[in-house]
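Novice: After the structure tokens below, expect a handful of questions from me.
Numbering (the numbering used here), first residue to last: 76 to 310.
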């Protein structure tokens with residue numbers, strides 16, 4: 076299949092390579108660009124580091140974030156990156172915010188102070204659940220994901236020429252931006268005719284709300300489950 080990968084780097088290139096290995100033809104063209112904010116982390120001492128996205132890990136290398144804290148990572152990819160970065164002992168969550176909150180609550184006592192390294196655009200969970208359970212959560216905005224102003228030329232050409240079969244969506248925001256950029260380029264119809272594969276129900280939500288048919292939603296928010304759902308290219 077000819078597949079558009081709209082997620083930001085560095086994940087986009089990794090997904091493109093995985094698609095090629097499986098016999099697909101990837102079009103790696105992110106619609107979001109991840110950049111560090113350069114902001115300092117909050118002052119004080121913390122009992123654990125909370126990571127809800129792999130994008131945060133590279134931003135912590137040069138930041139004054141304490142090393143050696145217990146690290147709670149949302150899923151396997153984030154956990155692996157945190158482990159290689161030497162941030163501390165890593166505990167791996169099941170891949171979603173609710174499961175991560177449950178892991179923290181089952182490991183630490185209420186009242187613990189957590190440093191949540193996150194992006195400027197983020198959802199309230201797991202912070203809301205943990206705060207309600209008595210944890211003190213301080214957010215460190217380590218990065219921002221900036222949306223492109225226009226559809227990448229490569230995607231416009233592929234959509235206009237019928238040279239795409241599917242699109243992979245890894246975040247709610249990138250899915251929404253991909254749709255908006257396609258419609259802004261006058262290619263909304265071509266975008267809607269693609270097979271859309273989404274990492275979770277939350278990722279699929281903006282597409283479904285806009286009436287875009289979603290072909291597949293992963294039951295578990297894992298990269299391999301999303302890739303396994305693609306039909307291999309014949310021959």
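Glycine included, C-beta positions come from ideal geometry on N, C-alpha and C.
Under DSSP, the alpha helix (DSSP H) around residue 204 begins and ends at which residues?
Specialist: Unbroken alpha helix (DSSP H) run through residue 204: 202–207.
Novice: Using 8 Å as the threshold, is the segment 223–232 in touch with the segment 98–115, meaning 3 or more CB pairs across them?
Specialist: A contact exists between the segment 223–232 and the segment 98–115.
Novice: One question on the structure: do residue 274 and residue 293 come within less than 8 Å of each other, judged by their Cβ atoms?
Specialist: A contact, by the Cβ cut-off of 8 Å.
Novice: Around the Cβ of residue 127, are there at least 16 other Cβ atoms within 10 angstroms (buried) or fewer (exposed)?
Specialist: Under this definition residue 127 is a buried residue.
Novice: How many Å lie between residue 178 and residue 210 at the Cα?
Specialist: Their backbone Cα atoms lie some 13 Å apart in a straight line.
Novice: Just verifying my parser: in three-state terms, what is the DSSP assignment at residue 227?
Specialist: Residue state, collapsed to three classes: coil.
Novice: Pull up the distance between the alpha-carbon of residue 310 and that of residue 83, whole angstroms please.
Specialist: Any reading at residue 310 must be qualified, since the residue scores a pLDDT of 43, below 50, and its modelled position is unreliable; the value itself is stated next. Whole-angstrom Cα-Cα distance: 30 Å.
Novice: Classify residue 247 as helix, strand or coil using the three-state DSSP reduction.
Specialist: Looking at residue 247 - three-state DSSP - the assignment turns out to be helix.
Novice: Would you call the CB atoms of residue 282 and residue 239 closer than 8 Å?
Specialist: No, these two residues do not count as a Cβ contact at 8 Å.
Novice: Going by Cα to Cα distance, which pick from 267, 94, 289 is closest to residue 277?
Specialist: If we check each option's Cα against that of residue 277, 289 comes out closest.
Novice: Going by beta-carbon coordinates alone, are residue 156 and residue 146 separated by less than 8 Å?
Specialist: No, the pair does not count as a contact, with Cβ atoms beyond the cut-off.
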